[in-house]
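If you read the sequence shown in my numbering, its first letter stands for residue 1, the second for the next number, and so on.
Where is the CB? At the ideal position from N, CA and C, for every residue including glycine.
A short worksheet on the structure shown next.
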Amino acid sequence: MKKGIRGLVAGLGFPLTVWNMVMNEKSRVLPPGMMVHTETSDTHVISEGEGPVTIVLEAGFSSISLDWLYVQPELARHARVIAYDRGNYGWSRSKRKSRTILDSAEELHEVLSRMEAKPTYILVGHSYGGLIIRLFASLYPNEVAGLILEDAAHEHYYLPTKENVQRLKKFQRILTFGFLTSWVGLPRLMKQRVGRNELNEESSQALNYIGYRPKSFLAAYEEYQNAEKSARIIYESQPLQPSLPVIVISANHPSEHWRGYQERLAKLTPCTEQVFADTGHSVHLENPDLIVRKVLELIQQTSHRSQLHS
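And the structure:
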């Protein structure tokens, strides 16, 4: 049905559709990293730094590798750091038909293998990305040394419970409207804000190119459509190894429910530490030094554990 509505919108607004295509081409920005090709995806990856430790940065919902521009260079002074665009976000293209966290975790594993980025990994996940790295650690427990959950979403956040159902429906309507009207360039015409205020001019220009494309709206729409299924996947997954060190970085969130979810995450393993950040949701943009510091602390912690067991 939505495909038919999309066709109707695009047909009625054919001149605007052509204009939007021209503007997309005119504002084209080449990917700043490299493309990694696997059987299931063509993935845009930014890899910086060298060393025995590999850090993987997993962005939040509707976000891409450029989100980590203040964190990645600092961490790259100490380790190999990989940021990427998952699924159909950014410059990437997935060949999978579904967009659950299982698809994302498996694709990430394929990309890391193709890059010959040897485990074990330190995984950093922001918001929705926290679900993905938790599942990755559940699927590949011997390949993960530690997790950083940056104001990460808890699976219950996406379940249609009494306290969630109105919020979920409202956001679904917003995404559906954006997806359907993106084909005629309405978000561009309305000068809808793309990206974040904290980003530099170069990254903002790239995000304007990425953000106004119908492909970007489709990627967000499909990921959110599968959010409940993804929540149930993590709920039914194998629990994390009890010895796995986890650092939960919780932002200053006004929602009592969100704060409760953070408390649940702080009990994921006996080796979980919770840190409070006096920032909004995007700690990596508002206080990147905190993220860098906690990642480096986790590297030291996991290195010490490896020496004790060697």
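* **Where histidine 126 falls: helix, strand or coil (DSSP)** => Position 126 of the sequence shown holds residue 126. In the structure shown, histidine 126 sits in a strand (DSSP, three-state: E or B).
* At a cut of 8 Å, does the region 163-170 reach the region 121-129 through at least three beta carbon pairs? -> no
* Could you check where the beta strand (DSSP E) with isoleucine 247 kicks off and where it finishes? -> Here residue 247 refers to the residue found at position 247 when the sequence shown is read from its first residue. Start and end: 246-250.
* Asked: If you draw a straight line from the alpha carbon of tyrosine 158 to that of glutamate 150, how long is it in whole angstroms?
  -> Here residue 158 refers to the residue found at position 158 when the sequence shown is read from its first residue. Here residue 150 refers to the residue found at position 150 when the sequence shown is read from its first residue. Their backbone Cα atoms lie some 17 Å apart in a straight line.
* Can you find a C-beta in chain E that's less than 8 Å from the C-beta of threonine 43? -> As a matter of chain content, chain E is missing from the structure shown, which is built from one protein chain.
* To do: Would you mind sorting histidine 284 into buried or exposed? The rule is 16 or more other CB atoms within 10 Å of its CB.
  => Within the sequence shown, residue 284 is the residue found at index 284, counting from 1. Histidine 284 should be labelled buried.
* Asked: Alpha carbon to alpha carbon, what distance is there between arginine 259 and glutamine 392?
  -> Since the first residue of the chain shown is 1 and the last is 310, residue 392 is not available in this structure.
* Asked: With a CB to CB cut of under 8 Å and the five nearest residues on each side skipped, what residues in its chain are close to isoleucine 291?
  -> Here residue 291 refers to the residue found at position 291 when the sequence shown is read from its first residue. Contacts found: Val71, Val124, Ile148, Glu150, Ile249, Val283 and His284.
* To do: Take the Cβ of asparagine 200 as the centre, count every other Cβ of all protein chains shown within 10 Å, and call the residue buried at 16 or more, exposed below.
  => Here residue 200 refers to the residue found at position 200 when the sequence shown is read from its first residue. Looking at its Cβ environment, which holds fewer than 16 other Cβ atoms inside 10 Å, asparagine 200 is exposed.
* Asked: What three-state label does DSSP hand serine 47 in the structure shown?
  -> As a working note, residue 47 is residue 47 in the sequence shown. Three-state result, serine 47: strand.
* Asked: Quick one: Cα of methionine 23 to Cα of proline 214, how far?
  -> As a first step, residue 23 is located in the sequence shown; it is residue number 23 there, counting from the start. As a first step, residue 214 is located in the sequence shown; it is residue number 214 there, counting from the start. Unreliable positioning characterises methionine 23 in this predicted model, as indicated by a pLDDT of 45, which lies under 50. The coordinate reading is nonetheless provided below. Cα-Cα distance, rounded: 12 Å.
* Under a three-way DSSP split, which group does tyrosine 89 fall into? -> Within the sequence shown, the letter at position 89 stands for residue 89. In this structure, tyrosine 89 counts as coil in the three-state DSSP scheme.
* Inter-residue Cα distance where the pair is threonine 38 and serine 243 -> Taking the sequence shown and counting its residues from 1, the one referred to as residue 38 is at position 38. Taking the sequence shown and counting its residues from 1, the one referred to as residue 243 is at position 243. C-alpha separation (whole angstroms): 32 Å.
* To do: List the DSSP bridge partners of histidine 257.
  => On the sequence shown, position 257 is the one that residue 257 refers to. For histidine 257, which the question treats as bridged, DSSP gives no partner whatsoever.
* For proline 288, is the classification buried or exposed, using 16 other Cβ atoms within 10 angstroms of its Cβ as the cut-off for buried? -> By one-based count along the sequence shown, residue 288 stands at place 288. By the 10 Å Cβ count, proline 288 comes out buried.
* Asked: First and last residue of the alpha helix (DSSP H) that includes glutamate 150?
  -> As a position in the sequence shown, residue 150 is number 150, starting the count at 1. No alpha helix (DSSP H) holds glutamate 150; the beta strand (DSSP E) holding it covers 144-150.
* Would you mind sorting isoleucine 174 into buried or exposed? The rule is 16 or more other CB atoms within 10 Å of its CB. => Taking the first residue of the sequence shown as position 1, residue 174 is located at position 174. Exposed.
* Asked: Based on the DSSP secondary-structure assignment, which residues constitute the bridge partners of arginine 80?
  -> Locating residue 80 in the sequence shown gives position 80, counting from the first residue. Arginine 80 is bridged to Thr54.
* Apply the 10 Å Cβ neighbour rule to serine 41 and answer buried if 16 or more other Cβ atoms are within range, or exposed otherwise. => Residue numbering aside, residue 41 sits at position 41 when the sequence shown is read from its first letter. Buried, because 16 or more other Cβ atoms sit within 10 Å of the Cβ of serine 41.
* So is lysine 294 buried or exposed if we call it buried at 16+ other beta carbons inside 10 Å? -> Mapped onto the sequence shown, residue 294 falls at position 294. Looking at its Cβ environment, which holds 16 or more other Cβ atoms inside 10 Å, lysine 294 is buried.
* Residues bridged to phenylalanine 276 by DSSP? -> Taking the sequence shown and counting its residues from 1, the one referred to as residue 276 is at position 276. Beta-bridge pairing links phenylalanine 276 to Ser250.
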